[in-house]
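**Q** One structure is given below, represented as structure tokens, and several questions about it will come after.
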Amino acid sequence: MKYSNTITSFLFIFLILFKLPVEASDYRNEFVHANNLYSKKQYAKSANAYETLIQKGVRNGYLFYNLGNAYIRMGETGSAILNYVRAKSLIPRDENLAANLKFAIQQTLDKIEPPPLGTLNILFFWVNDFSLNELIFFSLCLNFIFWVNLALWLYFPSLKIARNALLFVLLLSFISVGIKIKNESDLKLGVILAENIEVKSGHSLDTITLFQLHEGALVTIIGKRNGWLEVRLNEKQKGWIPENSLGI
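The sequence shown begins at 0 in numbering that gives the first Met the number 0 and counts up one residue at a time.
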């Protein structure tokens, strides 16, 4: 399992530069401070510092990744997995993150892996390797290049093949964005944070207990009603749990 924070510090700093200079500087200093606390093995304090940044609206894959590392060091497996899952949606190609998420899942009693990919994700396999923001940025760049190429084609007909190829790739990029948005809308993952929870047949405590889940179990959220969430492990196992027992 890997816990290195040095590279992620630089990446985090780079990725918040789009904010106002003073605000970015404050976030950078807070992030560096949190990393220093982690380096000193003050994991609870570093976790609080990372959480403070998140509460201020910072959404960064490396921030969630480092927070997950702090929680796994504290023995809070559920919170660690929750933040690794959040990080994965933002930095899906990070190998250290993938290794740490796998390690954390193996520490749980239920050892539930993320749900399998659907048919569209298998066909459009590259969608899983990019975040939604990356796919949107790529599509916008391709769109700009296509229109420039189209304007040039009016004067240089020989560019027809390049125009058609760009159009095909542009359409693929738009489809990829659509699939990614659908994935994030349909596949809402949650992580059990309670030490042990009974999964009920209905949204009340007096209904039948179907099975039990433990801290760190990954579930798919498929419904919500009166402070309860309907969750699914697979096609055969689903039920209701209190909303406050799950991290999203």
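Note that beta-carbon positions come from the ideal geometry of N, C-alpha and C, so glycine has one too.
What first and last residue would you give for the alpha helix (DSSP H) that runs through Thr118?
**A** Its alpha helix (DSSP H) spans residues 118-122.
**Q** Around the C-beta of Glu75, are 16 or more other C-beta atoms found within 10 angstroms, so that it is buried, or is it exposed?
**A** So Glu75 counts as buried.
**Q** Assuming Leu96 and Tyr83 form a contact by the criterion Cβ under 8 Å, report the distance between their Cβ atoms to the nearest whole angstrom.
**A** That pair is a contact at about 6 Å.
**Q** Counting only runs that start and end within the segment 91-115, where is the alpha helix (DSSP H) found for 4 or more residues in a row?
**A** Those alpha helix (DSSP H) runs which fall completely within the segment 91-115 and span 4+ residues are 94-105.
**Q** Would Asn142 and Ala161 qualify as a contact pair, given that the criterion is a beta-carbon distance under 7 Å?
**A** Contact flag unset, no.
**Q** Could you check if Glu229 is buried or exposed, using at least 16 other CB atoms within 10 Å of its CB as the buried criterion?
**A** That one is buried.
**Q** I need the straight-line Cα distance from Asn47 to Leu170, nearest angstrom please.
**A** Each residue's Cα considered, the two are about 44 Å apart.
**Q** What is the residue span of the beta strand (DSSP E) that Phe210 lies within?
**A** Where Phe210 is concerned, the enclosing beta strand (DSSP E) stretches over 208-213.
**Q** Does DSSP put Arg58 in a helix, in a strand, or in coil?
**A** The answer is coil: DSSP assigns Arg58 none of H, G, I, E or B.
**Q** Evaluate contact between the segment 231-244 and the segment 125-136, counting only Cβ atoms and requiring at least three cross-stretch pairs below 8 Å.
**A** Judged by Cβ distances under 8 Å, the segment 231-244 makes no contact with the segment 125-136, as fewer than three pairs qualify.
**Q** Report the CB separation of Ala69 from Tyr42 in whole angstroms; it is logged as a contact under 8 Å.
**A** Going by Cβ atoms, the distance from Ala69 to Tyr42 rounds to 5 Å, so yes, they are a contact pair.
**Q** Among Asn65, Gly117, Trp146, Ala216, whose alpha-carbon lies nearest the alpha-carbon of Asn35?
**A** For Asn35, the nearest C-alpha among the options comes from Asn65.
**Q** What's the C-alpha gap between Gly246 and Glu214?
**A** Their backbone Cα atoms lie some 10 Å apart in a straight line.
**Q** In terms of residues, what are the limits of the beta strand (DSSP E) holding Ile80?
**A** Segment 76-89 is the alpha helix (DSSP H) holding Ile80; no beta strand (DSSP E) there.
**Q** Which of the three DSSP states is assigned to Asn225 in this structure?
**A** DSSP places Asn225 in coil when its eight states are reduced to three.
**Q** Hey, which unbroken runs of the alpha helix (DSSP H) at 4 residues or more fall wholly within the segment 153-205?
**A** Taking only runs of at least 4 residues, the alpha helix (DSSP H) segments lying wholly in the segment 153-205 are 159-185.
**Q** Near Ser244, what residues of its chain come up, given a Cβ to Cβ distance below 6 Å and the 5 sequence neighbours on each side ignored?
**A** Around Ser244: Ala193, Ile196.
**Q** Roughly how many whole angstroms lie between the Cα atoms of Ile240 and Arg224?
**A** Cα to Cα, the separation comes out at about 10 Å.
**Q** Assign Leu232 to one of three DSSP states: helix, strand, or coil.
**A** Of the three classes helix, strand and coil, the one that applies to Leu232 here is coil, per DSSP.
**Q** What separation, rounded to the nearest whole angstrom, lies between the Cα atoms of Phe167 and Ser184?
**A** Between Phe167 and Ser184, the C-alpha separation is close to 26 Å.
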